Structure formats: C-alpha cells, structure tokens
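Residue numbers (the working numbering): -16 to 396.
Note that CB positions come from ideal geometry on N, CA and C, so glycine has one too.
Bear in mind that the values here come from a model prediction, so they are computed numbers and not experimental data.
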Amino acid sequence: NIGKNNTDVNLSCSRETLKQLCQESVIDKIKSLIEQAIERAGGKDAIGEIDAVEITGGGLRIPFVQEAIRDVIGKGEEDEKAFAFSRSLDDTSLAFGASLIGIAGVSDNTEMMDADRSARRDQLKEAEIALAERDVDLLRKDELRNQIEAHILELRSARHSKHGSLLPSTDEFTTFLDGTDDWLFSEECDEATTQQMEEKWNSVQSTTQDLCGEYLATTRAEAEQKDKEMEAEAKLAAAAAEAENGDEEPEDHDTRRLPTKRRMEIVLKNKNEANELFSDGNYRHAAARYAKALTHCTKFFDLSPDDEEEVKQTKLSLHLNMALAYIKLEKMDNAYQSCNDALKLDEQSVKALYRRATVLYQKRKFDDASKDLKQAENIAPEDKAVKKLQRLVDQQMMKQKKKEKAMAKKMFG
C-alpha cells in the first residue's frame, strides 16, 4: 500500500527477473561460500570427484540456486546420473555440526564472526534494556493517568457525599473537571512523556487544592480520625483474642446455626457499616467489611426458595460494592474477580458488566470492555453510564487502530 489513500499496487516479475535480482545477494554469495569450502579442503585436486552435495532448506530447491551450485563445482546437466543433491541430514544433525565447526575454529573468519556476533549481542542487550526501561516508563505513565482520572471521578461523585456542600459551585470548578476529562482522552495526553504526565498530575493536585481546599482538609482529617479509631479497635480486638486464645491462632468460631432472619441481620449490619466507610472514602476498610458480610452469607442453612433468592441478591450486591471499593483502591485484579463473582450469580447484571468493563478499560483491554458494554446495552438500552463509557472505549479503540496503522506504515512503507 502506498500513497495517502493506501492504494494497492500490483507488480509482475518473471523468473528471469527474479534470478537477476538474486544474482548478487544470493547466487554470488552461495558460489563464494562453496569456493571457500573447497579451498580450505585443499582444492578440487585434493578433493577429487564430487558425487553429491548435501543441501537443506526450501530456498535450495529453486532451480537457479541448484544451477549455481552445479556451476561452481563443475557439474552440468549432463552429469545428472553421476551427481546428486542429497537431503539426508536432519535439522538436529546440521545444528550439531555447525556448533562443532564453531568450537573447532576451522574457519579463517571465526574471529571476525565471533567479534560480529559479540557486537550484535551487545546491540541486542542494549535494545532489550532500552525496551525494559520503556516498559517501566509506560507503566508509570499509565499509573499517573489513572491517578488523574480517579481523582476527577472522585471529585465529581463527591458532590453527593457527606461533605459535598464544601465543594465550590462555580463555573471555574466545573470547567476544570471537564477540561481535565477532555485532556485525558486527547492526543496530547496519549503523546505526553512521563515527565509531562507528572507535571500534569502535580498541576491537577495544585488546582484542586486551590479550588477545594476546605473540602480536602475536612475529608483528610476525617479519614485520619477514622483510621485511628479503626487501628484502636483492631488493637483492642487483637488483645481480646490473645487473652481468649493464648498462643493459638484466632479462628472464626461463629459456627452457630442461627435462624435465617438473625444471620441476615448480621450480614446487613456489616454491609451497612461497609457502606458508611465507603461513603467516607475509607475504601480499604469498606472492602474488608463487605468480605466479612460475604463470609456470614456462607453460614445460612435450610433456606426456603424465597430465602435463597434474598441471600443471592444480597451476595450480588456485596460483590458489586466490593468491586467498586477495589476500583477506588486501584486494585483492578481484585475488582475484576468481584465482578466475575457477581456475574456468576446473575449473568444479566448490568452493574456487574459495567464495572467489569470499567476495570478492563483501566487495564486498556478495550475489545473485552466493549463486549461487556454491548451486552449491558442490550439489557439496558437507556443506561447513560453504559453509553458514556462505550463512547470512551470507542475513542480509545480508534486511537489504537490509528497508532497500529501508523506503525505498520513505518515498518512496511
């Protein structure tokens, strides 16, 4: 493909033209190699009559290549009966023979070849190190991009949180959020270096501090206080467990066969506590509470059909909430597993499909994310969140295709 429109151009080539093109790059080199081998063996007089030549590889089946071999050893078509091309050696034998030649150093060019190979190895090693450094650089860039995106999403959702009234209601704040969102999905962001991404993240944090200083200070102080309380509770619980168990490992001793209603009350108590922790931005402890609630869900017994459905819906809600907590914590693998657990309970869950698509989007697996979103859209055609994320995924897929196309042009012209 050439030109602006990637026009296909067909070129015809005859066998004779191909032979001429290969004369210097293939035929002359083959003849030179055979002549060198004969010379090292003492010349044609020392070798005597050559009855066969061992060949391997598809390229040596080409008639004009075989003709070149015949020509250099002095065997024409008339010598067909007295001379033959043999293909008796397998790949293993050829490789072993080549290695022995290398060890024996029988070639006059061994030192030169070793030097060339050593230089080539050094080049490849440098290239490998450079690629590894680039991988680290790209990972850091993705990490920074995710931090910026998560920060903006958190500020948007914070409007409906406990301290949402502390956020500014000015056009400047809305413009800042929208502008940062637009930048995240622009070519400028895609082409930004890691240093530029660091500068952008610092700029976003600085602007947020200027616009939302009171909100940030309040939520930070509350989170620190909550952490202190949780740490104190954990120490008290550990001390109580140690006093009760001595040196034994603490175990879950709650094997009581509680009535369904009582066990559900415990489950919902943990869930409500987790929801409160989540609302306060304490995602790590919220995830732990959701997990504890799910543990209690395994302790129901002798459920009626109605009770089974209630437990199923409760477990589904817990898995969905835990997935969202893990997304907030940027633990995408955990979030992905929670989404899968939710879909095992209800494969038609739009929330589970949407959140798994969110995880896949963050992991830049856009094709898989698009599949989940299309399935979610079939179930809930009017869901605005699904449509918005689908547009973002489509944009990224288009950018990815453009990059692949541009890369192909560079590689193949």
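Cut-off 7 Å between Cβ atoms - residues of its own chain near residue i, not counting five sequence neighbours on either side
i           : result
residue 78  : none
residue 180 : 124, 127, 128
residue 321 : 302, 305, 306, 309
residue 274 : 305
Three-way DSSP call (helix, strand, coil) for residue i in this model
i           : result
residue 227 : At residue 227 the pLDDT is 49, less than 50, meaning the model places this residue with poor confidence and gives no usable figure here.
residue 333 : helix
residue 353 : helix
residue 48  : helix
residue 159 : helix
residue 36  : strand
residue 68  : strand
residue 365 : coil
residue 317 : helix
residue -9  : coil
residue 245 : helix
residue 134 : helix
residue 312 : coil
residue 146 : coil
residue -3  : coil
residue 347 : coil
residue 79  : helix
residue 288 : helix
residue 201 : helix
CB of residue i within 9 Å of CB of residue j, strictly
i           : j           : result
residue 398 : residue 191 : The structure shown does not extend to residue 398, since the chain is modelled only from -16 to 396, so the question has no answer here.
residue 56  : residue 21  : yes
residue 302 : residue 277 : yes
residue 33  : residue 68  : no
residue 253 : residue 209 : no
residue 345 : residue 315 : yes
residue 195 : residue 167 : no
Proximity winner among the options, relative to residue i (alpha-carbon distances)
i           : options            : result
residue 206 : 267, 339, 72, 178  : 267
residue 379 : 304, 16, 302, 350  : 350
residue 293 : 270, 328, 316      : 328
residue 134 : 119, 118, 159      : 159
residue 186 : 163, 176, 169, 171 : 163
residue 14  : 49, 37, 41, 28     : 49
residue 182 : 44, 131, 153, 296  : 131
residue 386 : 167, 173, 371, 75  : 173
residue 153 : -9, 193, 116       : 193
residue 311 : 382, 300, 291, 341 : 341
residue 58  : 31, 297, 102       : 31
residue 199 : 243, 147, 74       : 147
residue 289 : 244, 364, 352, 300 : 244
residue 354 : 365, 372, 367      : 372
Span separating the alpha-carbon of residue i from that of residue j
i           : j           : result
residue 184 : residue 151 : 20 Å
residue 204 : residue 145 : 14 Å
residue 8   : residue 39  : 19 Å
residue 384 : residue 5   : 36 Å
residue 189 : residue 197 : 14 Å
residue 256 : residue 155 : 36 Å
residue 397 : residue 259 : Nothing about residue 397 can be read from this structure; the chain reaches only from -16 to 396.
residue 248 : residue 287 : 17 Å
residue 269 : residue 305 : 8 Å
residue 323 : residue 169 : 31 Å
residue 0   : residue 51  : 16 Å
residue 23  : residue -4  : 38 Å
residue 12  : residue 19  : 11 Å
residue 118 : residue 110 : 12 Å
residue 360 : residue 108 : 48 Å
residue 137 : residue 261 : 12 Å
residue 330 : residue 365 : 19 Å
residue 37  : residue 112 : 41 Å
residue -7  : residue 362 : 48 Å
residue 165 : residue 367 : 18 Å
residue 240 : residue 319 : 33 Å
residue 388 : residue -9  : 15 Å
Other residues of its chain near residue i: CB distance less than 8 Å, five sequence neighbours each side excluded
i           : result
residue 326 : 332, 335, 336, 339
residue 246 : 279, 282, 283
Residue i beta carbon near the ligand ADP (any heavy atom closer than 8 Å)
i           : result
residue 106 : With respect to small molecules bound, the structure shown includes none, and the ligand ADP cannot be examined in it.
Beta-carbon proximity list for residue i, same chain, < 6 Å, skipping 5 on both sides
i           : result
residue 35  : 67, 69
residue 299 : 325, 328, 329
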